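Working notes for the structure below.
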Ligand code: DHE
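In mature numbering (1 follows the signal peptide of the UniProt record, and there is no 0), the protein residues as written are -23 to -1, 1 to 494.
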């Protein structure tokens, strides 16, 4: 029956897609020209998923151009000479329309996607190259969907490899720094053995994924999804699924998962929910006795686990939705921005309640925040996606003690324990080719740099010792620029294909106060 239907669709598509001013039937155009790469159900195949959630970052006029002309570094052919303008419009409208029902993505579908390239434990326990294994960088190159492993002492690339389409968010390292886990927006999770330069396992955890976290003990990977509304816990050694959790409250209201983080000192994961006023803490050890008092959900969809107590959900009710957030270094406090922006809240995770409001204008990007000690007190600094300001917050009083005006709204902010300077970009503004450097001792701007006039400069990360700063020239013919962190002089330029984030093994695994965790 299914085959008959497809044959009908293809036949009618052929009849209807001969160049003419009249548009063909949308599903038929899709089936004939797009389904073989993007999947009959639009869930993706060799090409990315084409559902509205997955297309959020591509505006429709841009999509029309991609269909007609293809895009750089893509295997997709141009359809401008095969389809009429009306048909291109019709198929674009089709992919931006939600399907009648949400595609199923339960444990069976997830398990069916798992790929074991190398059995866990089958690769040598000895690095295939010589370098300081803790001063390596993983650099994500979004231009042609690759990642580069970079030696943080010589700044020489060690290995460049293909990744899944459209990685997003921070790749996360195992505690010993040997493995790195990537998440793609289409839900693919990949485990890469840095020592052996090999992808060992892959699995598709969701249809539209936000990010992943690795437990502080290295045993688990957790993935947060927008589509479907789930969290998935995986075995970190082979990415086999352990537990699928539906994100919903006790009234059955379900929610997208905005993000999930590892709170290593608490031995738990913390998940932010976009559509329900709760934040979830999910302990991952079996010694969490007693299971926390108060509201504990158990939306256990996994088949029975040996230990029924694993991964309970401790829900903290909130006054407002939480979107983007940041933790203090002890992971006792969570500072969150609501999705409306303009205001933030501080939640004490032990007291399980809000303890303060934060006076933050615009749309603070708390996820990019950093901390240091200023005049004997812990402070936190956050850039702002909507206004050109860095807010400095006293983490004892939760008051904003200074607003530093920059050249424009920025996205990322970074520092290191061994440098007196904090660096931020002005990525969201006309001044996106500039970087602003702030003295952490005076809270004053000491320099605005323009690494390459007219080219976007963003996302900074320090070497293990804090002596050098790596900056992305975020362009197709981009580069990674290495600066001396003390003199702000350029040291080296390494060509790369639209490099986005870069991640230093030591800074990440030691949870440096100058970087995201
Ligand atoms: Fe990101 C991290 C959410 C748009 C590049 N981004 C994150 C994280 C979240 C997030 C929750 C933390 C993940 C982690 O640590 O595991 N990002 C969002 C959004 O909600 C937003 C605004 C809209 C969206 O489309 O999702 C958004 N992000 C972007 C971009 O437009 C960026 C600049 C380009 C891109 O690749 O899409 C972008 N986000 C990044 C990068 C990180 C990131 C490079 C990792 C930062 C790090 O150093 O850890």
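We put the beta carbon where it would ideally sit given N, CA and C, even for glycine.
Since the model is a prediction, treat every value here as computed from it, not as a measurement.
Non-local C-beta neighbours of residue 37 in its own chain, meaning closer than 7 Å and more than five positions away in sequence, comprise 69 and 73, ordered along the chain. Between the alpha carbons of residue 331 and residue 321 lies a distance of about 10 Å.
The segment 58 to 145 contains, as complete alpha helix (DSSP H) runs of 4+ residues, the segments 62 to 72 and 84 to 90 (chain order). Taking 8 Å as the upper bound for CB-CB distance, residue 66 and residue 41 are in contact here, some 7 Å apart. In the three-state reduction of the DSSP assignment, residue 368 falls in the strand class, which pools E and B. If you draw a 10 Å sphere on the C-beta of residue 92, you find fewer than 16 other C-beta atoms in it, and that means exposed. With the rule of 3 Cβ pairs closer than 8 Å, the segment 334 to 341 counts as touching the segment 361 to 370. Its Cα nearest to that of residue 412, the residue 402 stands out among 406, 421 and 402. A distance of 7 Å or more separates the beta carbons of residue 188 and residue 224.
Excluding sequence positions up to five before and after residue 245, its CB lies within less than 7 Å of the CB of 258, 259, 260 and 261, all in the same chain and listed in chain order.
Taking residue 288 as the centre and dropping the five residues before and after it, the same chain places the C-beta of 210, 220, 259 and 261 closer than 7 Å to its C-beta, in chain order. Closer than 6 Å to some heavy atom of the ligand DHE: that describes the Cβ of residue 493.
Cβ contact annotation for residue 71 (same chain, cutoff 8 Å, sequence separation greater than five): 3, 4, 6 and 7, in chain order. For residue 494 and residue 150, the gap between their C-alpha atoms comes out near 10 Å. With 16 or more other CB atoms across the displayed protein chains lying within 10 angstroms of its CB, residue 191 is buried. Under DSSP, no beta-bridge partner is assigned to residue 172.
The shortest CA-to-CA distance from residue 249 to any of 472, 437, 455 and 343 is the one to 343.
Taking all protein chains shown into account, residue 89 has fewer than 16 neighbouring C-beta atoms within 10 Å of its C-beta and is therefore exposed.
Comparing alpha-carbon positions, the option among 462, 432, 293 and 98 lying closest to residue 173 turns out to be 98. Beta-bridge pairing by DSSP links residue 399 to 415. Taking every protein chain shown into account, the CB of residue 52 has fewer than 16 other CB atoms within 10 angstroms, so this residue is exposed. Within the segment 185 to 250, the beta strand (DSSP E) runs of at least 3 residues that lie entirely inside it are, in chain order, 185 to 191, 197 to 204, 207 to 212, 218 to 223, 234 to 240 and 245 to 250. Take residue 384, set aside five residues on each side of it, and the residues of its chain with a beta-carbon closer than 8 Å to its own are 365, 403, 406, 408, 411, 413 and 425, in chain order. Two segments are said to touch when three or more pairs of C-beta atoms, one from each, lie closer than 8 Å; by this definition the segment 462 to 480 touches the segment 118 to 125.
When C-alpha distances from residue 295 are compared across 169, 323 and 170, the shortest belongs to 323. Going by C-alpha positions, residue 378 is about 12 Å away from residue 352. Scanning its chain for C-beta atoms nearer than 6 Å, with the 5 sequence neighbours on each side dropped, one finds around residue 357 the residues 346, 348, 370 and 372, in chain order. Going by C-alpha positions, residue 125 is about 10 Å away from residue 140.
Counting along the chain, residue 41 sits inside the alpha helix (DSSP H) bounded by residues 37 to 46.
Look at residue 8 here: in three-state DSSP terms it is helix.
Set against 6 Å, the gap from the CB of residue 188 to the closest heavy atom of the ligand DHE is smaller. Taking all protein chains shown into account, residue 240 has 16 or more neighbouring C-beta atoms within 10 Å of its C-beta and is therefore buried. Distance check between residue 243 and each of 216, 229 and 327 places 327 closest, using alpha-carbon atoms only.
Remark: fewer than three beta-carbon pairs, one from each stretch, lie closer than 8 Å, so the segment 72 to 86 and the segment 104 to 114 are not flagged as touching. Annotation: the continuous beta strand (DSSP E) that includes residue 460 extends over 455 to 461.
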